[in-house]
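See below for the structure under consideration.
Numbering (UniProt numbering), first residue to last: 1 to 202.
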């Protein structure tokens with residue numbers, strides 16, 4: 001099927017009328033006026049207006065230890081989950097924002113050392129995706145890495161960057177529980193754990 005290989009339309013079927021920045025900080029917000037081609041027609045939509053959040057590319061990694069049958073997750077406060085009824089402290093994979101022209105692999109190695117004390121050698125790329133393409137241009141690169149995990153977690157992060165990160169070490173047997181009990185609200189983490197579950201041999 002053609003849809004399995006490529007999208008129905010390409011970027012040349014998008015007409016941008018105007019782009020202007022409404023806010024510029026760590027994140028940037030643009031107002032975009034555009035029209036795009038309609039499915040099964042040669043016509044385009046009327047001009048529509050959208051707000052677009054620009055964030056730097058990010059990369060994350062799931063650390064796991066095949067010998068110990070364990071994996072590592074971090075927990076930290078997230079402003080986006082501030083109104084979550086359960087908790088704004090979210091479980092996640094180790095992740096960070098790419099610094100300038102930094103590669104995803106370099107970012108992951110740096111962030112892993114800062115957030116877990118572990119050193120990463122070989123990385124396996126899993127997926128590259130838009131976490132929230134309806135409003136945000138951020139691209140996320142997701143990896144996994146086999147490491148020698150510590151027996152216990154700890155508190156990590158750079159205080160000068162406002163980081164206060166708890167490292168948790170889980171057993172493989174915790175995977176089905178985590179995936180079913182509603183605790184997980186982070187898309188890269190859910191994807192990574194579903195991948196790990198598929199890799200575990202019965």
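Glycine included, C-beta positions come from ideal geometry on N, C-alpha and C.
{"query": "Can you tell me where the beta strand (DSSP E) with residue 87 in it begins and where it stops?", "result": "Unbroken run through residue 87: none, as it is neither H nor E."}
{"query": "I'd like to check one pair, residue 74 with residue 193: are the Cβ atoms closer than 7 Å?", "result": "no"}
{"query": "Quick check: the stretch 162-177 against the stretch 61-80, are there 3 or more CB pairs under 8 Å?", "result": "yes"}
{"query": "Please classify residue 155: is it buried, with 16 or more other beta-carbons within 10 angstroms of its beta-carbon, or exposed?", "result": "exposed"}
{"query": "Hey, out of 14, 16, 15, 32, whose CA is closest to residue 22's CA?", "result": "32"}
{"query": "Would DSSP call residue 30 helix, strand or coil?", "result": "strand"}
{"query": "Between residue 137 and the rest of its own chain, which residues show a CB-CB distance below 8 Å, the 5 nearest in sequence each way excluded?", "result": "52, 53, 54, 55, 130"}
{"query": "Would you tell me roughly how many angstroms separate the C-alpha atoms of residue 141 and residue 18, rounded to the nearest one?", "result": "29 Å"}
{"query": "Measure the C-alpha to C-alpha separation of residue 59 and residue 45 and round it to an integer number of angstroms.", "result": "35 Å"}
{"query": "Helix, strand or coil, according to DSSP, for residue 103 in the structure here?", "result": "coil"}
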